[in-house]
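**Student:**
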Ligand code: ADP
Ligand code: ADP
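Numbering (the UniProt record's numbering), first residue to last: 3 to 226.
#1: Alpha carbon to alpha carbon, how far is residue 102 from residue 10? Give it in angstroms, no decimals.
#2: Say yes only if the C-beta of residue 94 is nearer than 6 Å to one or more non-hydrogen atoms of ligand 1, and no if none qualify.
#3: Taking C-alpha atoms, which residue in 138, 153, 130 lies nearest to residue 181?
#4: Which class does residue 13 belong to by DSSP, given the choice of helix, strand or coil?
#5: With hydrogens ignored, establish whether the beta-carbon of residue 45 is closer than 6 Å to any heavy atom of ligand 1.
#6: Considering only residues of the same chain and omitting the five flanking positions on each side of residue 33, which have a CB-CB separation below 6 Å?
#7: By the 10 Å Cβ neighbour count, where 16 or more other Cβ atoms means buried, how is residue 108 classified, buried or exposed?
#8: To the nearest angstrom, how far is the alpha carbon of residue 119 from that of residue 28?
#9: Rounding to the nearest angstrom, what Cα-Cα distance links residue 161 and residue 61 in this structure?
#10: Just verifying my parser: in three-state terms, what is the DSSP assignment at residue 218?
#11: Does the beta carbon of residue 174 fall short of 6 Å from some heavy atom of ligand 1?
#12: For residue 145, count neighbouring Cβ atoms within 10 angstroms of its own Cβ and tell me buried if that reaches 16, exposed if not.
#13: List the DSSP bridge partners of residue 66.
#14: Give the DSSP bridge partners of residue 170, in chain order.
#15: In terms of alpha-carbon separation, which member of 113, 130, 131 lies closest to residue 123?
#16: Three Cβ pairs or more, each shorter than 8 Å: is that satisfied between the region 127-144 and the region 155-175?
#17: Where do the N-terminal and C-terminal ends of the beta strand (DSSP E) with residue 32 fall, by residue?
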């Protein structure tokens, strides 16, 4: 089965009004298990809209999203939310960590919500922090971490519940170039280690070149 299949997605904002914006005009994309796809798009091209639809946070006007062979189109919201929480990991440009909790706790909490025992959740969180090279920072709150460290924690949190699909929107876009390079390497080794399928949006063509293949979002459609 494909991890992600997007078929003929269309999406407009303000449909039928003078200020209508046609963002997606027939977007299709297949992502195989373990495949890492770079999504390259100029600002405003609709990359966030596309990632939100692929990750079940938004619905298309037409077309379909299937994750691991299950078509999401006609599922009730409740079911779709449950599948999103257990199957999809998100990473944004900004970390969105909970400020009052430690790095470790930020990775543990989503696992507890998913029914994992506290002991198993902590072990997994520590193993993930170790993989991205910041196990020593486990007890620090986000404000005590550098930007690069905060993003590494956000990566661990996104993978805490072992999703099949990772969606990342400019995951290193907020970091200076040197840090961005290193943090991106940490992300790629996490992804390769877990065998995840991923769609990673980036403006950075050098980073895009390190992924398995690139697609470009242009004029509402994807080009190889
Ligand atoms: P990107 O992530 O590539 O910058 P977005 O998906 O955020 O692009 O937005 C694509 C286009 O849709 C932009 O022109 C943006 O202004 C517009 N847009 C995004 N969200 C909304 C919304 N909720 N209402 C109206 N227009 C929107
Ligand atoms: P719901 O209550 O609809 O089941 P969540 O509580 O998981 O959804 O998320 C509420 C909203 O927060 C989502 O609709 C989405 O816009 C945003 N969101 C979901 N996951 C994340 C995340 N990992 N990071 C930042 N924002 C998120």
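Ideal Cβ placement from N, Cα and C applies to all residues, glycine included.
Model, not experiment: these values are computed from the prediction.
**Tutor:** Taking the structure as given:
#1: Indexing the chain shown from 1 puts residue 10 at position 8. Indexing the chain shown from 1 puts residue 102 at position 100. Near 42 Å, if we compare the C-alpha coordinates of residue 102 and residue 10.
#2: Numbered from 1 along the chain shown, position 92 holds the residue referred to as residue 94. The answer is no for residue 94.
#3: Numbered from its first residue, the chain shown carries residue 181 at position 179. For the residues 138, 153, 130, the minimum Cα distance to residue 181 belongs to 153.
#4: Numbered from its first residue, the chain shown carries residue 13 at position 11. DSSP places residue 13 within a strand segment (E or B) once states are collapsed to three.
#5: The count along the chain shown starts at 1 and reaches residue 45 at position 43. Yes, since a heavy atom of ligand 1 falls inside the 6 Å radius drawn around the Cβ of residue 45.
#6: As a working note, residue 33 is residue 31 in the chain shown. Once the five neighbours on either side are set aside, the close Cβ partners of residue 33 are 5, 6, 39, 199.
#7: The residue labelled residue 108 in the question sits at position 106 within the chain shown. It counts as buried.
#8: Numbered from 1 along the chain shown, position 117 holds the residue referred to as residue 119. Numbered from 1 along the chain shown, position 26 holds the residue referred to as residue 28. Their Cα atoms are separated by approximately 43 Å.
#9: Within the chain shown, residue 161 is the residue found at index 159, counting from 1. Within the chain shown, residue 61 is the residue found at index 59, counting from 1. Between residue 161 and residue 61, the C-alpha separation is close to 23 Å.
#10: On the chain shown, position 216 is the one that residue 218 refers to. It is a strand residue.
#11: Numbered from 1 along the chain shown, position 172 holds the residue referred to as residue 174. Checking the Cβ of residue 174 against ligand 1 gives no.
#12: In the chain shown, the residue the question calls residue 145 occupies position 143. Residue burial annotation: residue 145 is exposed, with fewer than 16 other C-beta atoms found within 10 angstroms of its C-beta.
#13: Taking the first residue of the chain shown as 1, we reach residue 66 at position 64. Looking at the DSSP output, residue 66 shares a beta bridge with 9.
#14: The count along the chain shown starts at 1 and reaches residue 170 at position 168. Beta-bridge partners of residue 170 (DSSP): 93, 202.
#15: For this step, residue 123 is matched to residue 121 along the chain shown. Comparing Cα positions, the closest option is 113.
#16: Contact between the region 127-144 and the region 155-175 is established, with three or more Cβ pairs separated by less than 8 Å.
#17: As a position in the chain shown, residue 32 is number 30, starting the count at 1. Element bounds for residue 32: 23-33.
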